[in-house]
Amino acid sequence: MVGMQIADVRDEIDHELVSSTQIHDKIAEVAAQVSKDYADGDVLLVAVLKGAVNTLAAFSQALSIPAQLDFMSLSSYGAGTVSSGTITVRQDLSADVTGRNVLIVEDIVDSGRTLSWLVAELKGRGAASVEVFALLEKPSRREVEVDVKYKGYDIPDEFVVGFGLDYDERFRNLDSIAVLKSEVYQGGQA
Ligand code: IMP
Ligand code: MG
């Protein structure tokens, strides 16, 4: 597969953390497990826009069971690299989650605030079950306890971009996960 790789943005990238191959291997492994776990029932995959879109697309394609896809747009971050802590819904799901088995597909869990809010929200709407797959987690940054049943990679406390993750709307289409050079976001609130 040819796409935007680190070599194409070398001036702004410090180093690669998770390669494209590692990303797709992990997604395939989790998808195989989820395909077993949900073999008997329907599953509604919910992704938070925009960061989780790449993970959702790859993950849904790796499942061997039927799945529905839905999206929600939440805002907790500005243009900087630190969560503001306040969650607002910019665009809601189109599906009614009442009685559904929901699997939230997340790009990254940082403080855990976004995810813990979303899990509570979907349970409050009457979902039959709510589980989470997070491709990346920064364990050292966790402020709020959230149960991530399907785990991807733990990463250090560094701001990362790629495979859906952005810095100020850039680098989402990078094919791997990488750490930016600090001068790229020095003007931000990091
Ligand atoms: P939390 O609420 O602090 O857990 O933040 C979760 C959301 O913040 C993620 O779904 C991302 O959209 C964004 N985020 C957290 N860490 C990073 C990062 O290192 N790079 C890009 N976006 C991030
Ligand atoms: Mg996100």
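Counting in the numbering used here, the sequence shown runs from 19 upward without gaps. Where a beta carbon is used, it is the ideal one built from N, C-alpha and C, also for glycine.
Excluding the five sequence neighbours on either side, which residues of its own chain have a C-beta within less than 6 Å of the C-beta of residue i, listed in chain order?
i	result
L154	I126, G170, Y171 and I173
Between the alpha carbons of residue i and residue j, how many angstroms are there, rounded?
i	j	result
T106	S37	32 Å
R143	L183	28 Å
A49	S78	8 Å
A113	M90	10 Å
Q86	V115	11 Å
V64	V52	14 Å
L67	S194	18 Å
P157	D60	31 Å
S129	Q23	28 Å
L35	A46	19 Å
D110	E139	11 Å
I41	F189	16 Å
D58	S82	12 Å
Once you ignore the five residues that flank residue i on each side, which residues in its own chain have a CB closer than 7 Å to its CB?
i	result
V166	V127, V150, A152 and E155
A70	V123, E124, D125 and G182
Y56	I83 and N119
Is residue i helix, strand or coil by DSSP?
i	result
A97	Unreliable placement is indicated for A97, whose pLDDT of 49 sits below 50; the coordinate value is still reported in the next sentence. Three-state result, A97: coil.
L133	helix
V107	strand
I45	helix
L74	helix
D88	strand
V120	strand
S112	coil
S147	strand
L81	coil
A50	helix
Considering only the beta carbon of each residue, do residue i and residue j sit closer than 8 Å?
i	j	result
A146	N119	yes
V179	H33	no
D88	L121	no
V137	V148	yes
L192	V20	no
K199	E30	yes
Given residue i, which residues of its chain have a CB within under 8 Å of its CB, disregarding the five upstream and five downstream residues?
i	result
E161	S129, G130 and R131
T104	S94
At which residue ranges does the stretch 158 to 203 contain complete beta strand (DSSP E) runs of 3 or more residues, listed in the order of the chain? Note on the stretch 158 to 203: whole beta strand (DSSP E) runs with a minimum of 3 residues are 168 to 172 and 195 to 198, in chain order.
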